[in-house]
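The block underneath contains the structure these notes are about, expressed in structure tokens.
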Amino acid sequence: MELERRRVLRIGGAVAAGAGLTGLTGCSGTGATGQDGAAGNKDEARISVWSWQGPAAEMKALVPEFNKKYPGIEVTVEDIGNPAIWDKITTGLAARGQGLADVLHIGVDYLPGYVEKFPGGLADLGPLGANAYRDAFAQGMWQTVSPDGKRVNALPWEANSAGFYYRADLFEKAGVDAGALQTWEETIEAGKEIKQKTGAHLLGIDKPASQADAANFFQMLLQLQGSFYFSLSGEITLDSPEAVKAMTLIKTMNDAGLVSDLAGGWNTLMSSLKQGTAAVLPMPTWFGGIIQEQVPEEAGKWKVRLPPAVRRGGSTAATVNSTHLAVSGSSKHQAAAWSFVEFVLTRPASQVQIYKGKGIAPALMKAYDDAVFHEPSPFFGGEKKGEVFLEALKAPSSAFNYTADYARALKLVTDAQSKVLLAGADPAKVLKEAADQLGRQTGRKVSR
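At position 188 of the sequence shown (counting the first as 1) the number is 188 in our numbering, and the numbers step up by one without a gap.
If you want it as structure tokens, here you go:
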């Protein structure tokens, strides 16, 4: 089910299987080396592809068209399930590539960990032809798959930008112009008006961090500032000025009574959505489909824009999650596997078909020439929702380094946030403690 697929992706699956990677820390350098792999025949082979739910179904649907161009390549697409796929890939990489599929669908929170822990476990797509597409994707995406500018670990597929979905009727009732909000400070003031005149909270957060995705909003605020839990060189930045600013905004909202508690995770969020508990849902591109699915009777009441900037004049655009296709380093059919990856991810018609089927937002910029991304949405008040997020993908956007220690960082961040929300802790103090603890756990330098 697509809703479930996206829920798990949003949670940042590194926590679901992060223990698998973390537990293999001592295996660094002893995973798959790719030494048994081979390019093989690019036009003739039997290859397998691992993915999950919706994306797997969409790739299966592309196989007949692919076979018109490559009749000699037999493709088997397997729906491994999410999060089961992460354990399966980790196990295969730890076994030096034994049993891995030729093509692997990988989330942005896993890719750096696989590359760091299992050198050579994923094939370098550069020699296979990937470098021809380095300018074809949304900004920041190439640096995500090729952080050193040389080796290409995967090719971008899905790119979800930060979004600001809001109940236009509640804003109107409160006399607030949502489109005019330039900063989150202004949004907090607007939230006070909304709470007073409608009873709705501004937004919701899982305050006790009952689920791994409790820090999604904090992470969005961080990424809007071009910052993250780690620098591009892998140093810890959990208590950077940007992080403290983001957590302070959250504390200010909470202290003003504008944050509802979403303890319980996805089911609680869906209940809140149906009950109209919050006026704003600061969620990525894909969440628009969830709103339409869950509250179809509210068509016309919803609108969407890019989020306000954290600081006046700052960015309103950030790619907050993405997925990629990689080729196994142990595959003996890397050239044929690349032919399939290239067909799926660099051919606009393929990405348009996938978007129409499952609403997966492509990283491939040429795909957005299609009319489907420029059609008015009756549900969102006639807005051209696709163009809202296209604006974000066109804007300058930073690349983010999740590293192999993302799961550890995420746990410490959610714990820090809970202390702020439930006990009124000082954001700077708890984030400094979290950064120092992460440094002790990982041996990484804390950047200050």
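Yeah, the Cβ is synthetic: ideal placement off N, Cα and C, and Gly gets one too. It should be emphasised that the depicted structure is a prediction, and the values quoted were computed from it without experimental measurement.
- In the pairwise beta carbon analysis, the stretch 178-185 is classified as not touching the stretch 361-369: fewer than three pairs are separated by under 8 Å.
- The C-alpha of residue 119 lies about 50 Å from the C-alpha of residue 300.
- In this structure, residue 92 lies away from residue 81, with their beta-carbon atoms at least 7 Å apart.
- For the options 192, 230 and 185, the alpha carbon positioned closest to that of residue 448 is the one of 230.
- Checking the DSSP bridge columns, you'll see residue 261 partnered with 205.
- Cα atoms of residue 379 and residue 290: separation of roughly 12 Å, rounded to the nearest angstrom.
- In this structure, residue 155 places its C-beta atom within 7 Å of the C-beta atom of residue 325.
- Scanning the stretch 193-240 from its first residue to its last, the whole alpha helix (DSSP H) runs of 4-plus residues come out as 216-224.
- The secondary-structure analysis by DSSP pairs residue 319 across a beta bridge with 161.
- In the DSSP assignment, residue 122 is bridged to 328.
- Boundaries of the alpha helix (DSSP H) harbouring residue 421: 406-423, taken from the DSSP string.
- Rounded to whole angstroms, the separation of the alpha carbons of residue 435 and residue 405 is 12 Å.
- For residue 298, there is no enclosing beta strand (DSSP E), since its DSSP letter is neither H nor E.
- Within the same chain, and ignoring the five residues on either side of residue 353 in sequence, the residues whose Cβ sits closer than 8 Å to its Cβ are 58, 61 and 62.
- Residue 45: member of the beta strand (DSSP E) spanning 45-51, first to last residue.
- Apart from the 5 residues on each side of it in sequence, residue 169 sits with its Cβ closer than 7 Å to the Cβ of 301 in its chain, given in chain order.
- C-alpha of residue 251 to C-alpha of residue 421: approximately 6 Å in a straight line.
- Around the beta carbon of residue 237, 16 or more other beta carbons sit within 10 angstroms, so the residue counts as buried.
- Beta-bridge pairing by DSSP links residue 107 to 323.
- Leaving aside the five residues that flank residue 78 on each side, the residues in its chain whose CB is nearer than 6 Å to its CB run, in chain order, 50.
- Just so you know, the alpha carbons of residue 40 and residue 341 end up roughly 15 Å apart.
- Per the DSSP secondary-structure output, residue 78 pairs in a beta bridge with 50.
- Nearest to residue 206 by C-alpha distance, out of 260, 351, 166 and 407, is 260.
- Exclusion of the five residues before and after residue 413 leaves 215 as the residues of its chain whose Cβ lies within less than 6 Å of its Cβ.
- In this structure the stretch 122-133 touches the stretch 143-157; the number of beta carbon pairs closer than 8 Å is three or more.
- In the DSSP assignment, residue 278 forms a beta bridge with 201.
- An exposed status is given to residue 372, since fewer than 16 other beta-carbon atoms sit within 10 Å of its beta-carbon.
- For residue 170, the uninterrupted alpha helix (DSSP H) run begins and ends at 168-173, by DSSP.
- By the criterion of a C-beta distance shorter than 6 Å, residue 226 is surrounded in its chain by 398, once the five residues flanking it on both sides are discounted.
- Following the DSSP letters along the chain, one finds residue 141 inside the alpha helix (DSSP H) bounded by residues 141-145.
- When secondary structure is reduced to three states using DSSP, residue 375 falls in the coil class, being assigned neither helix nor strand.
- Straight-line spacing of the CA atoms in residue 224 and residue 402 works out to 16 Å.
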